[in-house]
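Engineer:
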Amino acid sequence: MAQVDIQGVAKRYGSFTAIEDATLTVPEGAFFSLLGPSGSGKTTLLRLVAGFVHPDEGTIRIGNKVMNGFAPHQREIGMVFQNYALFPHRTVAQNVAFGLEMRGIKRPEQKRRVGEALELVQLGGKADSYPRELSGGQQQRVAIARSIVIKPAVLLLDEPLSALDQNLRAEMQVELRALQKHLKITTIYVTHDQEEALALSDHIAILNSGRIAQLGNGRDLYERPQGAFVARFLGNANLLDATLERQGENWFVHSESCLLPVRHDDSYIAGAKVKLALRPERLRLAQSASGKGSAAAELPALVVSMAYLGHDVRVVLRLNSDRIINARIPSDALDPQITESCKLFVTWKPEESIVVQY
Amino acid sequence: MSSTDEGNAPSTQAVRRTPGAVRTPAASLLFPSLAFYTALLAIPFLGLVVMGFLTTSQSGLFKAEFTLSNYVKVLLDSFYISIIWTTLRLSIETTALCLLFGYPVAFWLAEQSPRTRKIVILFLLFPLLLSTVIRIYGWIVVLGRSGLINQLLVSSGFVDKPVAFLYHETTVLLGMATILIPYAIVNITNTLITIDPALKEAGAIHGASPWRVFISVTLPLSRPGILSAMLIVFSVSMSTYLISLLLGGPRVKLLGNVVFDATSSFNWPLGAALAVVLVILTMISCSAAITVLSTDKQRGRQ
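Residue numbers (the working numbering), protein chains in the order written: chain U, 1273 to 1630; chain W, 358 to 659.
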C-alpha cells in the first residue's frame, strides 16, 4: 500500500500530446478514478503509472520511490485489464499464482494465497477451470484475484467493467468497492462512465484532451464544476451563454434576454462572459410565471418533445432564442396537463444555478 | 483427437435439428474434396501398399505373386536401415535448425508494423517462386570445388587445394534448412501475431521480466505455430529428393533417392515398399509431435 504521486507528467507521440502537465496525488488506500471521454489521456496516464510507457517529462512516485526508468515488473503493481487478459494456457489457479511464481514464493504458500484470493472473489470452486470455461463476470473475478494476490502497492484497473452487461456491472461495482475497502489498497480506476466513477471513487480526476480538467470528490465536481467541459461531461448540464451582472449585494446573469439570479461567489467579475450551467434533473416546469420578476430563476420555454424513462421524464424544451435544453422531471412530479408544444416556464432554485468559465 | 470432434460439432447439431434427413448438409459439402482425395490419394496409396507385397520381376515391372520380401528387406537390410536412419536424423535436424533460427526471426517479425511484416514475408516467400533446382544450384555455385568459397580460401592461402564441401550430410542439411526455413518463419509469425499484447503486459505488470514473459506467456501460446512449422518442415524434409541428389550426390542418399533408384531400375515392388515405409514413418512422427505438443489436451479437459 502506498501513495501515488504524479508530478508534471507529459507524454507526447510526435506532434500528438497524449497527456500534458498531469499533477495529482492518490492518497494511500484511496479509490481514485480517472474519468474522461475516449482520447482524453486517461488510459495513457494509467499506462504511465504501470510503466508500459515512459513520461517525456515529470516524475511518478509510488510510495516515496521515483518510478521513472523502472520496468513494469519492478513496480509492485497489480492490474486488471479491459478484456481481463487472462492467460488462456493456464488454469484459474495458475493464472492467479502467476505473480507469486514470478516472485519465487514457495509452492505451499502460493497454494494458500491463491486459495485465499479465489475465496475473496467467490471463485473457490473454479480453481482448475480454464478461463474460456468461465463467464465474463467470472473471468473478471479471476483477473481481480490475480492482481490482488501479490499484495501490490497499487492496483490499476483499466475500464474493467466495460465488457459486462449492465446488471452485472452494478453488482461488480459494489463488490469491487467492498473488496478495495477491505484490502485498503491504493486503487487507480480508469473509466469513461461518470456514474461508475461517482459510485466508486473517493477522488476523481476528469481529463479532457490530455489535461486534467478538474480534481476533486464526486460532489465537488458535480456541484462546483470548474469550466464548461466538466459541467457538460459530468451530468450533461445545459449550458447557456451569459454575462455576469451585479446589483448591490446580489449577483445575476444576463442570459436569454432575462436577468437570472445566481448564488454569490467571490471570483465573479461584473460584465464577465460566462456560461450558466443548468442540471437537467434540477429543472422544474411551471404553467405560469411566478411573478417575482428578476428575483425568479425562470425562463419561458416551449415543450418540443417528452420521453418517458420510468423514474423520470425527459423533456426537451426550446427557449425564446431557439436554444434547446433538456430537463428531467420525476414522473410523479410532472403536471399531466403539460404535453408537447405547451408553452410554459422552466424554473430552478437560484442557489442551484452554476456559473462556469468558458 | 479432439480437433476432429470439434470439426464434427456443427454437423451433429444439424442432425439433431433435422432427424432422419440426409445425413448432414455439412458432411455432403465434404463430398467433392473427399472424392478427390479418395480417387487421387487414398486409392493410389492402397495400390502402393499392395505393390509392395508383389514379387520383383526380371523381365517386367513386377510379378503378381505375394511376397513379404520387399518389406522385410526395407526393414531389416542394414543398407536400407541406415538410409531410413539418415533420413529421419536429417529431417529432425532440419526441423530443429528451422525452429532455432526461424523463431527469433518470427519473433522480430511479429513485433513489426503490418506493413514491414508484409514486405519481409514477401521477401521470405520470394525464393519459393524459384524452382528448387535453381536454388540448389545456387549452393553449388557457392560451395562447389571451384565455387565462391573455395576460390576465396585458395586465393587467400588458407588452404592448398579446394575443400570438398559438397556431398556431405552437413551440406545437405544446410540446403534443406535454408530452403525450408521460410515455412517455419511464416507459420510461427502467424501464431505470434494472434497473441493479445495485453497478455504480455499482464505478465510484465505481475512481475515477469521480459525473458520470463517470453518463457511463461509467449512461448507456450506460440505452441500451435511451432507445431505447424514442425509438421510442415519435417514432412517436406522426410520426402527430400532433389536437395540430397544435388548436394549429397552418391554419398548422401535419403529415402526419396532410393525410392527413385528402385523405380528407375524397374524394381517397382521395392520402390513401393520403401515409399510406404516413408509415408508411415512420417505419419507416426507427425502424430507423435501432435500428441506431445497439441493444446487440444487442455481444451478437452473440463
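Where is the CB? At the ideal position from N, CA and C, for every residue including glycine.
Measure the alpha-carbon distance for A1558 (chain U) versus V1393 (chain U) and round it to whole angstroms.
Structural biologist: Going from the Cα of A1558 (chain U) to the Cα of V1393 (chain U) covers about 50 Å.
Engineer: Beta-carbon within less than 7 Å of S1527 (chain U)'s beta-carbon, same chain only, minus the 5 sequence neighbours each way: which residues are those?
Structural biologist: Counting only Cβ-Cβ distances below 7 Å, and skipping sequence neighbours, we find L1512, D1513, A1514 and L1548.
Engineer: Based on DSSP bridge pairs, tell me the residues matched to E1329 (chain U).
Structural biologist: DSSP output for E1329 (chain U) lists U:A1282 as bridge partner(s).
Engineer: Given that a residue counts as buried once 16 or more other Cβ atoms are within 10 Å of its Cβ, and exposed if not, what is K1283 (chain U)?
Structural biologist: So K1283 (chain U) ends up on the buried side.
Engineer: Output yes or no for whether 8 Å exceeds the beta carbon distance between G409 (chain W) and A629 (chain W).
Structural biologist: Against a cut-off of 8 Å, the Cβ pair of A629 (chain W) and G409 (chain W) comes out as a contact.
Engineer: Quick check on this structure: which residue in W:T648, W:F617, W:K475 and W:L454 has the alpha carbon closest to the alpha carbon of V543 (chain W)?
Structural biologist: Ranking the options by Cα distance to V543 (chain W), first place goes to W:K475.
Engineer: May I ask you to verify whether the segment 1349-1369 of chain U touches the segment 1410-1423 of chain U, counting CB pairs closer than 8 Å and requiring at least 3?
Structural biologist: Output reads yes: the segment 1410-1423 of chain U touches the segment 1349-1369 of chain U.
Engineer: Taking the alpha carbon of A541 (chain W) as the point to measure from, which residue in W:S513, W:T451 and W:N507 has its own alpha carbon closest?
Structural biologist: Ranking the options by Cα distance to A541 (chain W), first place goes to W:T451.
Engineer: Identify every run of the beta strand (DSSP E) within the segment 1298-1378 of chain U, keeping only runs that are complete inside it and at least 3 residues long; order them along the chain.
Structural biologist: For the segment 1298-1378 of chain U, whole beta strand (DSSP E) runs of length 3 or above, ordered along the chain, are 1303-1307, 1329-1334 and 1349-1352.
Engineer: Between A1579 (chain U) and the rest of its own chain, which residues show a CB-CB distance below 6 Å, the 5 nearest in sequence each way excluded?
Structural biologist: So the list reads R1586, once near-sequence residues are dropped.
Engineer: Name the one or two DSSP bridge partners that C1530 (chain U) has.
Structural biologist: The partner list for C1530 (chain U) (beta bridge, DSSP) reads U:S1527.
Engineer: Pick helix, strand or coil for L1577 (chain U), following the three-state DSSP scheme.
Structural biologist: Looking at the sequence itself, residue 1577 (chain U) is Ser, so the reference to Leu does not match. In this structure, S1577 (chain U) counts as strand in the three-state DSSP scheme.
Engineer: Go through its chain and collect everything with a Cβ distance to H525 (chain W)'s Cβ below 6 Å, but skip five positions before and after it.
Structural biologist: So no residue of the chain qualifies.
Engineer: Hey, out of U:Q1412, U:Q1410 and U:N1522, whose CA is closest to E1664 (chain U)'s CA?
Structural biologist: Any question about residue 1664 (chain U) goes unanswered here, given that chain U covers just 1273 to 1630.
Engineer: At a CB-CB cut-off below 7 Å, which residues of chain W make contact with R1375 (chain U)?
Structural biologist: In chain order: G564.
Engineer: If I follow the unbroken alpha helix (DSSP H) through G613 (chain W), where does it start and stop?
Structural biologist: Start and end: L612 to S621.
Engineer: Among all the DSSP beta bridges, which residues are the ones paired with F1288 (chain U)?
Structural biologist: Its beta-bridge partners are U:Y1285.
Engineer: At a Cβ threshold of 8 Å, is A1290 (chain U) touching chain W?
Structural biologist: No, because no Cβ of chain W sits closer than 8 Å to the Cβ of A1290 (chain U).
Engineer: To which residues of the same chain is S1310 (chain U) closer than 8 Å at the C-beta, ignoring the five residues directly before and after it?
Structural biologist: Closer than 8 Å at Cβ, skipping near neighbours: H1464.
Engineer: Roughly how many whole angstroms lie between the Cα atoms of V1677 (chain U) and V1414 (chain U)?
Structural biologist: Residue 1677 (chain U) cannot be examined here, being either before or after the span of chain U that is shown, 1273 to 1630.
Engineer: Just checking: is the beta-carbon of N1355 (chain U) within a distance shorter than 8 Å of some beta-carbon in chain W?
Structural biologist: Output row for N1355 (chain U): interface = yes.
Engineer: Can you list, in chain order, the residues of its chain with a C-beta nearer than 7 Å to that of A463 (chain W)? Leave out the 5 residues immediately preceding and following it.
Structural biologist: Counting only Cβ-Cβ distances below 7 Å, and skipping sequence neighbours, we find I542, I545, T546 and L549.
Engineer: Under a Cβ-count criterion, where at least 16 other Cβ atoms within 10 Å of its own Cβ denotes burial, should V498 (chain W) be classed as buried or exposed?
Structural biologist: It counts as exposed.
Engineer: Between the C-alpha atoms of V372 (chain W) and A399 (chain W), what's the straight-line distance to the nearest angstrom?
Structural biologist: Since pLDDT at V372 (chain W) reaches only 42, below the 50 mark, its modelled position is unreliable, and the value read off the structure follows with that caveat. Straight-line Cα distance between these residues: approximately 28 Å.
Engineer: Can you find a CB in chain U that lies within less than 8 Å of the CB of S651 (chain W)?
Structural biologist: So, not an interface residue.
Engineer: Entirely within the segment 507-590 of chain W and at least 4 residues each: give me those alpha helix (DSSP H) ranges in chain order.
Structural biologist: Fully enclosed alpha helix (DSSP H) runs of 4 or longer: 526-549, 554-562 and 567-570.
Engineer: With a cut-off of 8 Å, does the C-beta of T361 (chain W) fall near any C-beta of chain U?
Structural biologist: Here T361 (chain W) scores only 39 on pLDDT, less than 50, and its place in the model should not be relied on; the value that follows carries that caveat. Chain U, which has no Cβ nearer than 8 Å to the Cβ of T361 (chain W), makes this no.
Engineer: At a Cβ threshold of 8 Å, is K654 (chain W) touching chain U?
Structural biologist: Any reading at K654 (chain W) needs caution, since the residue's pLDDT is 48, under 50, leaving its predicted position unreliable; the model's value is listed next. So, not an interface residue.
Engineer: Quick check: the segment 1426-1439 of chain U against the segment 1387-1404 of chain U, are there 3 or more CB pairs under 8 Å?
Structural biologist: The answer is no - the segment 1387-1404 of chain U does not touch the segment 1426-1439 of chain U, with fewer than three Cβ pairs under 8 Å.
Engineer: Measuring CA to CA, which of W:G560, W:I589 and W:T597 is closest to P323 (chain W)?
Structural biologist: This structure cannot settle anything about residue 323 (chain W), because the visible part of chain W is limited to 358 through 659.
Engineer: Is any beta-carbon of chain U found at less than 8 Å from that of R374 (chain W)?
Structural biologist: Note that R374 (chain W) has pLDDT 48, beneath the 50 cutoff, so the model's placement of it is unreliable and the number below is only indicative. Not one chain U Cβ lies under 8 Å of R374 (chain W).
Engineer: Of all the residues that make up the segment 461-475 of chain W, which are near chain U by a beta-carbon distance shorter than 9 Å?
Structural biologist: Those residues of the segment 461-475 of chain W that come within reach of chain U (Cβ to Cβ, closer than 9 Å) do not exist; the list is empty.
Engineer: Have a look at U:R1483, U:D1474 and U:L1433 and flag the residue whose alpha-carbon is nearest the alpha-carbon of K1453 (chain U).
Structural biologist: Minimum Cα distance to K1453 (chain U) is reached at U:D1474.
Engineer: Are any of the Cβ atoms in chain U nearer than 8 Å to that of R569 (chain W)?
Structural biologist: Yes, R569 (chain W) lies at the interface with chain U (some Cβ there is under 8 Å from its Cβ).
Engineer: Over the uninterrupted beta strand (DSSP E) stretch that includes Q1486 (chain U), give me the two end residues.
Structural biologist: That run of the beta strand (DSSP E) goes R1483 to G1488.
Engineer: Return yes when the C-beta of P1533 (chain U) is under 7 Å from any heavy atom of the ligand ADP, and no when it is not.
Structural biologist: Looking at this structure, you won't find the ligand ADP or any other ligand, since it has none at all.
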